[in-house]
Amino acid sequence: MTDRDFNHPIRLFRFVQPLLRPLSGADFVVLALMGVGLWAGVRLGQAVPEILQANEISLAPGVLPYYAVLSCGRMLAAYLLSLGFSLVYGTLAAKHRLAEKILLPLLDVLQSVPILSFLPVALLSFSAFLPLPVAVELAAIFLIFTSQAWNLTFAWYQSLRTLPRDLEEASTVFRFPAWLRFKSLELPFAAISLIWNSMMSWAGGWFFLMAAEMFSAGQRDFRLPGLGSYLQEAANQGSIPSLVWGLATMVGIIVLLDQLVWRPLLAWSEKFKLQLVESEYPLTSWFYDVLRGSFLVRALWQKTLLPVFAWLDQRLLTWFGPPGVRPAPETGRSWWRYLAAVVGVLLLGVGLWEVGRFLGRIPPGQWLALLEGLGATLVRVVAALVLAMAWTVPLGVLIGTNPRLAAVLQPLVQVVASIPATALFPVVLLFFLELPGGLNVAAIFLMLLGTQWYLLFNIIAGASAIPRDLHYTSILLRQSRWDRWRTLILPAIFPYVITGGITAGGGAWNASIVGEYVHFGGQSLTTTGIGAIIAQATAEGDYPLLLAATLVMILAVVSLNRLLWRRLYRLAEERYRLE
Amino acid sequence: MNARATLVELSQVSQVYWSGGRSFTAIQGVDLHLEEGEFVALLGPSGCGKSTLLRIITGLQTPTSGWVLYRGEPLRGVNPYATIVFQTFALFPWLTVLENVEVALKAKGVPAKLRTSRALDLLDRVGLDGFESAYPRELSGGMRQKVGFARAMAVEPELLCLDEPFSALDVLSAEALRGELLELWTGGNIPTKAILLVTHNIEEAVLLADRIVIMDKDPGRVITDVKVDYPQPRQRKDPRFLDLVDRVYMILAGHTQPEHLELGTAPGEPGRTRALPHISIDDLAGLVEHLDALPGNEADIYALARELHMSSDHLLQLIEAAEILGFATVAQGDITLTGLGETFAEASIPVRKEIFATRLRRVPIVRWLVGLLQAAERHQLRWDVVQKALELEFPAEEAERQLETVINWGRYAEILAYDDSSEIIYLEPGAARAAPL
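Quick note, the sequences are listed as chains A and B, same order.
If you're matching positions, the first sequence starts at 5 in my numbering and goes up one per residue.
If you're matching positions, the second sequence starts at 2 in my numbering and goes up one per residue.
Structure, rendered in structure tokens:
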């Protein structure tokens with residue numbers, strides 16, 4: 005270890021980019037993209053209708069780009085809200101024992117609340133202190149938020165609880181300030197899971213976009229200009245060309261987002277993988293390669309953004325705590341905690357009393373109808389799950405065990421899967437309403453459309469995780485096809501089927517609200533089911549019934565999760581996990 | 002020596018865990034002091050709480066009772082003058098080599114301009130120039146640990162704590178890195194005033210440290226202090242070196258005690274239940290056969306470790322098992338095969354199993370389990386039931402490992418059977434008929 009100090013100035017200098025370099029192909033792509041972006045912006049400005057009436061949804065294809073921007077804006081606002089919420093809520097739950105005891109079960113319940121039940125509540129409370137147009141806009145964003153936030157929160161919480169012990173100890177021993185710990189340890193460790201969950205959240209957001217942008221509560225009809233309301237209006241008027249235009253726009257946006265945002269993010273996030281081995285098949289993205297290869301982008305980054313970030317980083321470092329000396333754990337509880345607990349219990353008591361009085365207004369006959377509806381929806385959920393498994397298990401295993409097929413089919417499946425079922429639903433209805441089952445069967449189909457993908461993707465993942473040697477062993481043993489399925493494939497994918505099933509089941513219950521009660525071609529159609537009751541109660545402003553139906557559905561979903569899914573999950577974890 | 006300032010002082014430090022309403026002592030009444038200029042090794046078998054002790058000294062963990070003083074002041078929170086080099090390196094995989102060192106400087110509040118040059122200087126000193134922009138996953142284990150050392154030195158700690166820093170490396174990298182560490186330390190190029198090395202490798206401790214603090218388990222405690230007062234550089238072939246290694250082995254291997262003391266008591270009975278070492282029967286048989294082939298059926302334990310290329314920790318566990326089963330005795334750092342051990346080594350497989358079974362039935366924890374099974378309906382019990390019972394004697398994790406070992410040995414001896422899918426432990430039919438012991 006010799007002293008070679010004279011080397012340093014030279015080596016330091018190496019980090020500076022050479023300033024003049026010919027533009028690469030990647031730079032041209034970036035330039036072209038910027039040009040297209042500018043053009044689209046100008047076109048958009050021209051396409052905005054002169055007078056926009058909030059209550060009129062235009063079906064002219066020309067307004068679609070404008071509507072799409074509005075919808076994307078709402079989705080983005082809701083997503084940022086979700087992300088902020090997740091970081092705060094998840095951190096509290098992970099770092100404070102007392103908070104964890106309350107926050108975790110609460111989150112469990114929150115995510116089983118049928119999303120659309122949030123809507124009237126949000127709208128009523130927002131309009132109490134805000135002008136109506138703002139309240140409606142906020143209510144829509146809030147509704148989308150409720151479809152995006154919970155899985156992100158869980159992902160963040162899980163990451164914080166599973167931080168590698170040595171890295172955590174290193175951060176503590178080196179006395180990382182709070183900001184540095186967040187930036188260098190917690191966020192990078194959670195990055196991959198956060199990105200995947202963000203993609204899921206956006207898919208959830210698209211699913212409920214239609215419901216969020218156009219709904220009626222009681223006598224009042226609320227419409228927000230956007231892609232969702234466009235599709236719904238098209239369905240209402242039974243206009244096939246408009247439906248096609250709307251769908252095409254939505255698919256286009258989803259594909260664009262996938263190519264320009266999610267794939268690059270995933271490719272970038274490869275570096276956050278924890279294992280200290282290079283992965284054999286890293287995720288790639290052409291757009292990410294373009295951005296990385298582009299001299300222009302790098303120059304922009306280094307000249308403008310990097311200094312800003314460095315400055316911000318330094319500020320945050322000093323704002324958020326000096327090197328943390330952890331305070332000794334509190335042993336005695338201070339009096340204000342007791343006070344807070346007493347006040348909390350009192351408030352809860354008053355709230356429960358009010359809820360009880362509210363529910364008391366419901367005639368006994370309606371309770372029976374509720375139970376009947378619950379049964380009917382349960383049957384549909386089960387049917388949708390069984391149907392989904394019937395086709396996703398064979399196909400998923402086929403794709404998962406065959407890399408060549410996977411390379412061809414995977415991108416295709418991803419695009420198809422990202423089309424929100426609610427947008428397709430009107431088209432599906434056209435077909436099903438002619439059949440004898442009518443909406444009764446169509447609702448199952450909607451659940452299927454919305455949830456089968458969770459199963460498919462999980463099964464593909466499970467099947468591709470089966471070690472090759474086990475396959476070879478099975479072939480060498482000359483096992484029959486059925487024996488191979490029974491002894492190898494089914495046990496290996498079981499944990500993945502369960503994981504997919506939990507998500508799919510939750511989604512199916514939520515879809516019942518959209519699927520069992522629809523406006524189509526100028527009329528309202530309904531079928532027996534708890535989703536129909538919730539949707540109808542919302543539309544008619546029957547709040548006691550809405551509350552009752554929502555509570556019944558939460559109870560059903562939570563107890564199904566606790567009694568059935570969790571047990572299956574534990575069984576899967578203990579018995580069938582391939583290490 | 003006595004004039005030098007004391008850095009760390011521990012008095013009567015104990016760490017107690019509670020699980021299921023019972024308490025388990027991980028560390029009991031440890032007194033320890035560390036002076037400026039000292040390189041101290043903390044040596045002991047796995048499970049003796051030496052890593053816990055290191056966490057207590059750095060302030061990562063607060064002991065249940067006792068005093069921890071740093072330069073005479075009680076330690077509150079993380080010790081700002083100490084740092085750790087981790088066994089698992091603990092590098093951030095998403096940061097480059099340079100950034101991994103810089104991040105420690107950043108946490109210390111070093112201004113941005115100085116950080117890069119300081120970090121480059123440190124990487125240079127450990128011989129990593131040229132790898133600044135590499136990610137940890139691109140480096141070999143030895144190079145990763147060099148980054149770990151560079152990062153630790155970046156914060157210029159007074160006390161450098163090394164938590165088994167070489168045990169995850171291959172033999173050659175470990176040896177090279179030990180040499181470099183010594184060079185840094187003896188050269189006085191670093192502001193570090195003392196080094197505390199946690200290890201279970203006896204030769205490593207003798208090679209590096211000025212003083213070896215030897216710990217033992219059940220409960221974790223310091224049993225003695227060995228001074229290594231001959232100067233660096235030390236050679237592994239030096240008689241003084243070999244003599245010291247032999248002495249440390251002697252202390253750690255202890256003496257074989259009379260059988261009733263060696264075996265301890267059964268769970269539920271008064272007294273301490275002897276925990277079985279977690280070793281495989283094949284390794285044990287290998288050791289016994291090796292001894293049988295030696296003249297006089299005896300060997301110096303330290304020499305045995307070299308011959309068998311075995312870590313001292315693993316060898317001591319095998320020896321412990323041989324003592325419990327009565328195959329060998331240990332005295333003065335030498336191991337001698339007993340007559341029974343000799344018979345075992347030369348027997349056919351079925352006879353071996355018979356000998357093993359006879360001896361195993363005398364081990365209290367096995368006797369206890371067989372008794373339970375004989376009393377149980379259809380001579381079978383669920384795993385979790387037995388584990389719950391064992392958790393009255395051992396912490397949950399250790400209870401599980403003990404049960405695993407008992408079942409493993411019991412299967413070999415054909416006393417016990419276990420069905421993994423139903424998680425039920427059975428008595429083998431032959432064993433069921435045998436009279437209760």
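All residues carry an ideal CB built from backbone N, CA and C; glycine is no exception.
Notebook entry, point to check: Near A400 (chain B), what residues of its chain come up, given a Cβ to Cβ distance below 6 Å and the 5 sequence neighbours on each side ignored?
Noted result: Once the five neighbours on either side are set aside, the close Cβ partners of A400 (chain B) are Q388, L391, E392.
Checklist line | Contact set for T257 (chain B): own chain, Cβ-Cβ below 6 Å, skip 5 residues either direction | finding: Hits under 6 Å: E324, T330, V331.
Next item on the list: Note down, in chain order, every chain A residue with its Cβ under 8 Å from the Cβ of F87 (chain B).
Entry: Under the 8 Å cutoff, chain A gives D170, E173, A174.
Margin query: Please tell me whether Y275 (chain A) has its Cβ less than 8 Å away from any Cβ of chain B.
Written below: Correcting the residue identity first, residue 275 (chain A) is Lys in this sequence and not Tyr. Yes, contact with chain B.
Notebook entry, point to check: Which of the residues in the segment 68 to 97 of chain B, read from start to end, lie with their CB under 9 Å from any CB of chain A?
Noted result: Listed in sequence order: R77, G78, V79, N80, P81, A83, T84, I85, F87, Q88, T89, F90, A91, L92, F93, P94, W95, L96.
Note to self: I want to verify the contact list: residues of chain A whose CB lies under 9 Å from the CB of L61 (chain B), in sequence order.
What the structure shows: Per Cβ cutoff of 9 Å: E173, T176, V177.
Check: For H201 (chain B), does the count of other Cβ atoms within 10 angstroms reach 16, so buried, or fall short, so exposed?
Finding: In summary, H201 (chain B) is buried, with 16 or more beta-carbon neighbours lying within 10 Å of its beta-carbon over all protein chains present.
Item checked: Contact set between the segment 144 to 176 of chain B and chain A, restricted to residues whose Cβ is under 7 Å from the partner -> Within the segment 144 to 176 of chain B, the qualifying residues are V156.
Check: For V431 (chain A), which of A:F133, A:K99, A:Q241, A:R566 has the nearest alpha-carbon?
Finding: Looking from the CA of V431 (chain A), the closest CA among A:F133, A:K99, A:Q241, A:R566 belongs to A:Q241.
Note to self: Less than 8 Å between the C-beta atoms of L213 (chain A) and L231 (chain A), yes or no?
What the structure shows: For L213 (chain A) and L231 (chain A), yes; Cβs fall inside 8 Å.
Checklist line | Proximal residues, the segment 182 to 193 of chain A versus chain B, C-beta separation under 8 Å | finding: So the close ones are L184, S188, L189, P192.
Check: Is Q381 (chain B) helix, strand or coil when you go by DSSP?
Finding: Note: Q381 (chain B) maps to strand in three-state DSSP.
Margin query: I want to see whether chain A comes within less than 8 Å of Y136 (chain B), judged by CB atoms only; does it?
Written below: Judged by the 8 Å Cβ criterion, Y136 (chain B) is in contact with chain A.
Margin query: Considering just the uninterrupted stretch of the alpha helix (DSSP H) at Y234 (chain A), what are its terminal residues?
Written below: Where Y234 (chain A) is concerned, the enclosing alpha helix (DSSP H) starts and stops at 231 to 241.
Checklist line | Short CB-CB distance (under 8 Å) between L194 (chain B) and chain A | finding: At residue 194 (chain B) the sequence reads Lys, which differs from the Leu that was named. Using a Cβ-Cβ cut-off of 8 Å, K194 (chain B) does not count as an interface residue toward chain A, since no Cβ of chain A sits closer than that to its own.
Check: Leaving out the 5 sequence neighbours to the left and right, which residues in its chain are closer than 7 Å to A254 (chain B) when beta-carbon positions are compared?
Finding: Cβ within range, chain order: I302, L317, I320, V331, G334.
Check: Can you name the residues that DSSP bridges to M216 (chain B)?
Finding: Answer by DSSP bridge pairing, in chain order: B:V223.
Notebook entry, point to check: So with Cβ pairs under 8 Å, would you call P437 (chain B) a contact of chain A?
Noted result: Residue placement at P437 (chain B) is poorly supported in this model, since its pLDDT is 45, which falls under 50; the coordinates still yield a value, given next. Output row for P437 (chain B): interface = no.
Note to self: Would you call the segment 482 to 500 of chain A in contact with the segment 550 to 567 of chain A, where contact means no fewer than 3 C-beta pairs closer than 8 Å?
What the structure shows: Result no; under three Cβ-Cβ pairs closer than 8 Å.
Checklist line | L285 (chain B) beta carbon less than 8 Å from that of A322 (chain B) | finding: Yes, the Cβ-Cβ distance between A322 (chain B) and L285 (chain B) is below 8 Å.
Item checked: Test: K107 (chain B) CB closer than 8 Å to a CB of chain A -> Interface residue, yes.
Note to self: Rounding to the nearest angstrom, what Cα-Cα distance links E165 (chain B) and F158 (chain A) in this structure?
What the structure shows: The C-alpha of E165 (chain B) lies about 35 Å from the C-alpha of F158 (chain A).
Item checked: Euclidean distance between Cα positions of G533 (chain A) and F313 (chain A) -> Straight-line Cα distance between these residues: approximately 53 Å.
Next item on the list: Within 10 angstroms of the Cβ of H261 (chain B), are there 16 or more other Cβ atoms? Answer buried if so, exposed if not.
Entry: By the neighbour-count rule (16 or more Cβ atoms within 10 Å), H261 (chain B) is not buried but exposed.
Item checked: Segment contact flag, the segment 73 to 92 of chain A with the segment 142 to 159 of chain A, C-beta cutoff 8 Å, min 3 pairs -> Taking a cut-off of 8 Å for Cβ pairs, the segment 73 to 92 of chain A and the segment 142 to 159 of chain A touch, as three or more such pairs fall below it.
Item checked: Rounded C-alpha distance that separates L551 (chain A) from L164 (chain A) -> Roughly 34 Å separates the two Cα atoms.
Notebook entry, point to check: Does the segment 167 to 177 of chain A come close enough to the segment 63 to 71 of chain B that 3 or more CB-CB pairs lie under 8 Å?
Noted result: Fewer than three Cβ pairs drawn from the segment 63 to 71 of chain B and the segment 167 to 177 of chain A lie within less than 8 Å of each other, which leaves the two stretches out of contact.
Notebook entry, point to check: Name the DSSP bridge partner or partners of G265 (chain B)?
Noted result: According to DSSP, which records beta bridges pairwise, G265 (chain B) is partnered with B:T274.
Margin query: Please report the straight-line C-alpha distance between P27 (chain B) and Q16 (chain B), rounded to a whole angstrom.
Written below: The amino acid occupying residue 27 (chain B) in the given sequence is Ala; Pro does not appear at that position. Those two C-alpha atoms are separated by around 5 Å.
Check: If we count the other Cβ atoms within 10 Å of its Cβ and call it buried at 16 or more, is N101 (chain B) buried or exposed?
Finding: Looking at its Cβ environment, which holds 16 or more other Cβ atoms inside 10 Å, N101 (chain B) is buried.
Checklist line | Continuous alpha helix (DSSP H) assignments of at least 4 residues falling wholly in the segment 418 to 493 of chain A | finding: If we require 4 residues or more, the alpha helix (DSSP H) runs fully inside the segment 418 to 493 of chain A come out as 425 to 436, 443 to 468, 472 to 480, 485 to 488.
Check: Cβ of Q318 (chain A) less than 8 Å from any chain B Cβ?
Finding: Closer than 8 Å to some Cβ of chain B, the Cβ of Q318 (chain A) qualifies, so yes.
Next item on the list: Given a cut-off of 8 Å, decide if L170 (chain B) and G128 (chain B) are closer than it, judged by their beta-carbon atoms.
Entry: Against a cut-off of 8 Å, the Cβ pair of L170 (chain B) and G128 (chain B) comes out as no contact.
Notebook entry, point to check: Taking the runs of the alpha helix (DSSP H) that are 4 residues or longer, which of them lie wholly in the segment 76 to 148 of chain A?
Noted result: Within the segment 76 to 148 of chain A, the runs of alpha helix (DSSP H) that reach at least 4 residues and sit entirely inside it are, in chain order, 101 to 114, 122 to 133.
Note to self: Taking only three categories from DSSP, how would you classify W95 (chain B)?
What the structure shows: The three-state reading of DSSP puts W95 (chain B) in coil, since its state is none of H, G, I, E or B.
Note to self: Between L113 (chain B) and chain A, is the shortest Cβ-Cβ distance under 8 Å, so that the two count as touching?
What the structure shows: A small fix is needed here, since residue 113 (chain B) is Ala in this sequence, not Leu. In terms of beta-carbon proximity, A113 (chain B) lines the interface with chain A, with at least one pair separated by less than 8 Å.
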